[in-house]
Amino acid sequence: KQEVTQIPAALSVPEGENLVLNCSFTDSAIYNLQWFRQDPGKGLTSLLLIQSSQREQTSGRLNASLDKSSGRSTLYIAASQPGDSATYLCAVTGSQGNLIFGKGTKLSVKP
Amino acid sequence: SQTIHQWPATLVQPVGSPLSLECTVEGTSNPNLYWYRQAAGRGLQLLFYSVGIGQISSEVPQNLSASRPQDRQFILSSKKLLLSDSGFYLCAWSSGLAGGPDTQYFGPGTRLTVL
C-alpha cells in the first residue's frame, strides 16, 4: 500500500530565505507526482506536476525534483515571501488516477 | 476555461441527518471526477472516483455514497451522518484523456461539521 510522508510537518522561516520541503513515498510505481498548495479553509491549487519519466519541473520561484528509484521528491522555494505561507501537499498518482496525499508541510514566512 | 463549483461552502448537521454535497464542472467534457475528505489532523483521503456517468468506484468502506447523474455533476450523499463524517470535503476533476492520469483540479471545498 502506497504511503506518502512529508517532512517537516511545519516550518517557519524569515522572508527571503530559500527553503526545501521533502516528500517520500513507499512504492516507486507511480504515474506522476504533484505538489499542491492549500490556504486555510480553501481548496487545493496545483503547483507542479512531475511525470514519472521526468526529473524536475520549474515554475517561477518553485522547483520540484523527483527521484523515483529512491522514492523522494523535494519542493524548492527560492526567495520566500509572506504570501508563500500555506500548507504544501505532496501527492502521488496511483494506477486508477487517484491521488495519495501526504499530510502536508505548514509553511510560515515571517516578514 | 474550466471551473469547478462545490456547494454548500459550510454545513452543520446533526448526527443521523442526511447529507447531499454537490460538485459541478464547467468547460470540459467527460472529466474524471473525485471526492476527497480531509479530516482534522489527517491527510487527504480519496473517497470515490468516477470515469463516466453512472460509474462510481469506492476507495474506502463507509456510510457515504456517490452518484454521477450527469456528465459534469458529482454528488456525495449519506442517509445518516456520523460524528466521524466531519471534515473538509473536496471535489476534483481531471481531463480523463487517454495516456495516463493528468493534473487534478480541486474545488473550493465544503466544511462539514456533524454535531
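One line per chain: the protein sequences are A and B, in this order.
Residues in the first sequence are numbered consecutively from 1, following this note's numbering.
Residues in the second sequence are numbered consecutively from 112, following this note's numbering.
For glycine and all other residues, C-beta sits at the position ideal for the given N, C-alpha and C.
Under 7 Å Cβ to Cβ from Asp84 (chain A), same chain only, skipping five residues before and after it: list those, please.
Apart from sequence neighbours up to five positions away, the residues of its chain that approach Asp84 (chain A) with a beta-carbon distance below 7 Å are Ile77, Leu107 and Val109, ordered along the chain.
Starting from the Cα of Leu166 (chain B), find the closest Cα among B:Leu223, B:Ala120, B:Tyr145 and B:Leu155 and give me that residue.
Per the sequence shown, residue 166 (chain B) should be read as Gln rather than Leu. With distances taken between Cα atoms, Gln166 (chain B) lies closest to B:Tyr145.
Do the CB positions of Cys90 (chain A) and Gly71 (chain A) come within less than 8 Å of each other?
The answer is no: Cβ separation not under 8 Å.
Please determine if the region 191–207 of chain B and the region 57–75 of chain A are in contact, where contact requires at least 3 C-beta pairs separated by less than 8 Å.
These segments do not touch.
List the whole-angstrom C-beta distance separating Thr121 (chain B) from Thr221 (chain B), where the pair is believed to meet the contact cut-off of C-beta under 8 Å.
Yes, they are in contact, since the Cβ atoms of Thr121 (chain B) and Thr221 (chain B) sit about 7 Å apart, within 8 Å.
Quick check: what's the CA-CA separation for Ile164 (chain B) versus Thr135 (chain B)?
So the alpha carbons of these two residues sit roughly 13 Å apart.
One question on the structure: do Asn32 (chain A) and Leu21 (chain A) come within less than 8 Å of each other, judged by their Cβ atoms?
Between Asn32 (chain A) and Leu21 (chain A), the CB-CB gap reaches or exceeds 8 Å.
Return the bridge partner residues of Lys106 (chain A) from the DSSP annotation.
Listed as beta-bridge partners of Lys106 (chain A) by DSSP are A:Ala10 and A:Thr87.
Taking 8 Å as the threshold, find out whether the region 2–15 of chain A comes into contact with the region 35–53 of chain A through three or more Cβ pairs.
Touching, no.
Backbone CA spacing between Ala29 (chain A) and Gln57 (chain A) [nearest angstrom]
Rounded to the nearest angstrom, the two C-alpha atoms are 19 Å apart.
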